[in-house]
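J.: Just so we're aligned, residue 260 is where the sequence shown starts under our numbering, counting upward by one.
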Amino acid sequence: MSSGQVRPGVGTSGGTPDRVLRATVGAAVAWMVLYTVATALCQGSPRAALFLGDIVYLVPLVAAVLVAGVAARRERGRHRRLWQLLAVAFAAQLAGESIWAGYDYLTADGPPAPSVADIGYLLSSTLMVVAVLVGFGGASRLRHLRGLLDSTLIMVSLAALGWHMLIRPQLTEAVAFADLVTIAYPLLDVVLLTCLGIVGMAGHKSVPMTVRLVGAAGAVNAVSDMIYTYLATFSDYDSGSWVDVGFEAGTVLCLLAAVVAVRRPEPPAEPRSFDRGMPLMPILISLTATSALVVFDKVGTGAVSDLTLIVVAVLFLTVMLRQYLFAADRAALAEQLALAVTEQQRLAVTDGLTGLYNRRHLMTMVDRLGAAPAGRPVSLMVVDLDHFKLVNDTYGHLAGDAVLQAAAARITATARASDVVARYGGEEFVLLLADTDGPEAERLAERVRRRLREAPIVVGAVPIALTASIGVASSSDGAVRHLLEAADRALYRAKEQGRDQVSTVAPPVREPVAVPGPTG
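1) Let me know the secondary structure DSSP gives PHE647 once reduced to three states.
2) Suppose the cutoff is 6 Å on Cβ atoms and the five residues either side in sequence are ignored; what does the same chain contact list for PHE533 look like?
3) Helix or strand or just coil, what does DSSP make of GLU594?
4) Can you give me the start and stop residues for the alpha helix (DSSP H) that VAL326 sits inside?
5) Does the beta-carbon of VAL279 have 16 or more other beta-carbons within 10 angstroms, so that it is buried, or is it exposed?
6) Is it buried or exposed, ASP368, if we count other Cβ atoms within 10 angstroms and call 16 or more buried?
7) Could you tell me how far apart the beta carbons of ALA745 and VAL764 are, in whole angstroms, since I believe they sit closer than 8 Å?
8) Going straight from the alpha carbon of VAL553 to that of TYR489, what length do you get?
9) GLN429 to ALA548, Cα distance in whole Å?
10) Do you know offhand how far GLY509's Cα is from LEU598's?
11) In the structure shown, what three-state DSSP assignment does SER564 receive?
12) In the DSSP assignment, find the unbroken beta strand (DSSP E) run with PRO722 in it and report its ends.
13) Which whole-angstrom value is the C-beta distance of ALA308 and ASP497, which I expect to be below 8 Å?
14) From what residue to what residue does the alpha helix (DSSP H) around ARG748 run?
15) Taking the beta strand (DSSP E) that GLU687 falls in, what are its first and last residues?
16) For GLY730, which three-state DSSP category applies?
17) Between ILE716 and ALA681, is the Cβ-Cβ spacing less than 8 Å?
18) Can you tell which of ARG748, TYR751, LEU447, GLY684 has its C-alpha closest to the C-alpha of GLY611?
19) Assuming ASP759 and SER728 make a contact with CB atoms under 8 Å, what is their CB distance in whole Å?
20) Label ILE569 either buried or exposed according to how many other C-beta atoms from any shown protein chain fall within 10 Å of its C-beta, with 16 as the threshold for buried.
21) Over what stretch of residues does the alpha helix (DSSP H) that includes ARG339 continue unbroken?
22) For ALA676, which three-state DSSP category applies?
23) By Cβ distance below 8 Å, which residues in the same chain neighbour LEU628 in space, the five residues on each side in sequence not counted?
24) DSSP puts ALA681 in a beta bridge; with which residues?
25) Among TYR364, THR653, GLY477, VAL315, which one has its Cα closest to the Cα of LEU447?
26) For THR763, report the span of its beta strand (DSSP E) as first-last.
27) I need the boundaries of the beta strand (DSSP E) containing VAL296, first residue and last residue.
28) Within 10 Å of its beta-carbon, does GLU507 have 16 or more other beta-carbons around it, so buried, or fewer, so exposed?
29) If contacts are defined as beta-carbon pairs under 8 Å, then THR283 and LEU515 qualify, I think. What distance do you get, rounded to the angstrom?
30) Let me know the secondary structure DSSP gives VAL375 once reduced to three states.
31) Pull up the distance between the alpha-carbon of VAL600 and that of PRO467, whole angstroms please.
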């Protein structure tokens with residue numbers, strides 16, 4: 260069963276909404292309302308706020324881990340890899356939250372900064388980025404890599420601007436490692452959203468609802484992480500505070516994504532043939548950030564700091580690499596289009612079963628030779644497999660197709676490089692032989708006849724004997740237009756005389772061109 264099919268009794272039927280999915284959405288909304296009300300009521304009670312933020316907070320996250328595991332088992336292909344990664348990401352988030360709760364309940368001062376819980380949080384955010392990239396596996400690797408570079412540009416630019424504008428002016432002490440870990444959370448959220456926008460939404464015709472919900476969770480978490488970063492850097496953060504409402508909303512969105520994956524399986528995202536990415540946005544953000552950094556340093560200290568120079572250098576090199584990948588992606592697309600055009604041209608003149616030229620191309624070549632100047636010999640050979648209907652009736656049409664393919668291969672191997680070999684229809688093949696007189700064409704026809712009958716064609720374990728009747732017509736002055744009709748007459752004569760033989764007819768004469776007489 261493909262991932263795009265709806266499982267009986269699970270998804271929708273006849274357009275009727277999924278009751279379980281509707282109930283889950285209703286329960287999610289009710290949960291968020293109750294959690295928000297409980298947060299307001301617990302603000303005056305630290306112990307109740309602690310229980311709300313450390314224990315009750317985990318309920319939708321535990322459910323998300325369980326449902327994501329079910330989705331990972333039921334999905335197929337790229338969607339299975341997507342949900343395997345998301346299940347591990349949710350589990351890492353749950354581990355981090357559990358460790359944080361343990362610190363809150365077992366220690367008087369709460370979790371240290373940084374703590375072991377941060378490993379789970381950072382691992383979860385990183386795996387969600389990887390999951391989004393895996394979920395869009397249909398896009399080119401160049402596009403994936405460029406999406407990561409675009410994310411890096413935006414992340415470094417926003418981090419540098421936020422540092423210079425908001426954080427550094429208010430710091431009185433040296434930057435601690437804990438501050439860097441705290442800042443990493445919103446930056447990873449930005450990476451997730453950028454990858455989803457550039458590699459996903461801009462590079463695909465549609466985005467699965469599950470991935471949209473994961474992206475929405477990333478957006479909610481990004482805002483919540485920014486508030487958390489500010490509180491952790493300049494104030495105090497306590498479990499059960501208002502910022503946890505945002506984190507809880509992100510978790511509920513992830514749970515809904517897992518439920519949708521289980522209840523309404525969707526086909527993999529279909530990539531666009533042409534990447535409608537946002538090529539200028541990361542570059543504009545990068546240019547704005549570098550200009551602002553230099554201005555801030557000049558205004559603040561009168562000189563550009565080493566840190567600013569490093570950030571500017573990283574942004575410059577990333578932009579250069581990104582533009583190279585953009586050009587490489589366009590070059591790869593142009594090559595694909597050229598190959599597609601070539602393939603379409605080949606298919607237009609090729610018989611799909613045998614790989615020989617088709618009847619249309621044969622007639623084009625006949626017309627082309629017929630328009631050539633007189634004086635050059637030309638011959639035409641019609642090859643008809645004897646009793647081929649009996650092969651289909653006895654062994655089936657698949658065996659008949661195999662015999663046609665083998666016969667086409669033998670005829671092609673016997674023909675010369677300059678000959679036009681075509682499947683004329685059914686079990687008939689035609690060879691158009693330019694610059695070939697009657698005796699030479701007859702000798703070639705005899706070689707083709709012997710080659711076809713020299714050994715049975717084995718289909719499976721069944722040997723099928725094969726013979727052919729061949730009609731040949733030639734013209735010494737290039738009168739090619741009537742050769743096909745003449746060769747057909749020769750073919751019928753070969754069949755009437757017992758089959759498995761070559762028959763020839765007298766060459767046709769090129770029709771004289773009428774010359775208008777004098778008027779008067």
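Note that the Cβ used here is the ideal one computed from N, Cα and C, for glycine as well.
T.: The answer reads as follows:
1) Within the sequence shown, residue 647 is the residue found at index 388, counting from 1. Helix.
2) In the sequence shown, residue 533 corresponds to position 274, counting from 1. With a pLDDT of 49 at PHE533, under the threshold of 50, the modelled position of that residue is not reliable, and the figure given next carries that caveat. So no residue of the chain qualifies.
3) Along the sequence shown, read from residue 1 onward, the residue named residue 594 stands at position 335. In the structure shown, GLU594 adopts helical secondary structure according to DSSP, grouped into three states.
4) Along the sequence shown, one-based indexing puts residue 326 at 67. Where VAL326 is concerned, the enclosing alpha helix (DSSP H) starts and stops at 318–333.
5) In the sequence shown, counting from the first residue as 1, residue 279 sits at position 20. Per the 10 Å Cβ criterion, exposed.
6) The residue labelled residue 368 in the question sits at position 109 within the sequence shown. So ASP368 ends up on the exposed side.
7) Position 486 of the sequence shown, counted from the start, is the residue given in the question as residue 745. Position 505 of the sequence shown, counted from the start, is the residue given in the question as residue 764. The distance from the Cβ of ALA745 to that of VAL764 is about 5 Å, consistent with a contact at the 8 Å cut-off.
8) Within the sequence shown, numbered from 1, the residue matching residue 553 stands at position 294. Within the sequence shown, numbered from 1, the residue matching residue 489 stands at position 230. When rounded, the distance between both Cα atoms is 24 Å.
9) The sequence position of residue 429 within the sequence shown is 170, counting from 1. The sequence position of residue 548 within the sequence shown is 289, counting from 1. Bear in mind that a pLDDT of 49 at GLN429, under 50, signals an unreliable position, so the number given afterwards is only what the model happens to contain. The alpha-carbon atoms of GLN429 and ALA548 are separated by roughly 20 Å.
10) For this step, residue 509 is matched to residue 250 along the sequence shown. For this step, residue 598 is matched to residue 339 along the sequence shown. Going by the C-alpha atoms only, they are around 45 Å apart.
11) By one-based count along the sequence shown, residue 564 stands at place 305. Reduced to three states, the DSSP call for SER564 is coil.
12) Numbered from 1 along the sequence shown, position 463 holds the residue referred to as residue 722. Note, PRO722: beta strand (DSSP E), 721–723.
13) In the sequence shown, the residue the question calls residue 308 occupies position 49. In the sequence shown, the residue the question calls residue 497 occupies position 238. Rounded, the Cβ-Cβ distance is 7 Å, consistent with contact.
14) What you label residue 748 is simply residue 489 of the sequence shown in a count that begins at 1. Start and end: 742–755.
15) Counted from its first residue, the sequence shown places residue 687 at position 428. Run containing GLU687: 687–693, per the beta strand (DSSP E) assignment.
16) The count along the sequence shown starts at 1 and reaches residue 730 at position 471. DSSP places GLY730 in strand when its eight states are reduced to three.
17) Sequence index remark: in the sequence shown, residue 716 carries index 457 (1-based). Sequence index remark: in the sequence shown, residue 681 carries index 422 (1-based). Their beta carbons are not under 8 Å apart, which means ILE716 does not touch ALA681 by this criterion.
18) In the sequence shown, the residue the question calls residue 611 occupies position 352. Considering only alpha carbons, the answer is GLY684.
19) Locating residue 759 in the sequence shown gives position 500, counting from the first residue. Locating residue 728 in the sequence shown gives position 469, counting from the first residue. Right, the Cβ-Cβ distance comes to about 7 Å (below 8 Å), so this counts as a contact.
20) By one-based count along the sequence shown, residue 569 stands at place 310. That one is exposed.
21) Residue 339 sits at position 80 when you count from the first residue of the sequence shown. Counting along the chain, the alpha helix (DSSP H) containing ARG339 begins and ends at 336–365.
22) Mapped onto the sequence shown, residue 676 falls at position 417. Correct three-state label for ALA676: coil.
23) If you number the sequence shown from 1, residue 628 lands on position 369. Only VAL637, LEU691, ALA693, GLY737, VAL739 meet the Cβ criterion.
24) In the sequence shown, the residue the question calls residue 681 occupies position 422. Paired residues: TYR616, VAL689.
25) Numbered from its first residue, the sequence shown carries residue 447 at position 188. The candidate whose alpha carbon is nearest that of LEU447 is GLY477.
26) The residue given as residue 763 occupies position 504 in the sequence shown. 761–763 is the extent of the beta strand (DSSP E) around THR763.
27) Numbered from 1 along the sequence shown, position 37 holds the residue referred to as residue 296. Counting along the chain, VAL296 falls outside any beta strand (DSSP E), though it belongs to the alpha helix (DSSP H) covering 278–300.
28) The residue you call residue 507 lines up with position 248 of the sequence shown. Label assigned to GLU507: buried.
29) Residue mapping note: residue 283 aligns to position 24 of the sequence shown, counting from 1. Residue mapping note: residue 515 aligns to position 256 of the sequence shown, counting from 1. Between LEU515 and THR283 the Cβ distance is about 7 Å, and since that is below 8 Å, they are a contact.
30) Taking the first residue of the sequence shown as position 1, residue 375 is located at position 116. Shown here, VAL375 sits in coil according to DSSP, grouped into three states, outside any helix or strand.
31) Mapped onto the sequence shown, residue 600 falls at position 341. Mapped onto the sequence shown, residue 467 falls at position 208. Going from the Cα of VAL600 to the Cα of PRO467 covers about 31 Å.
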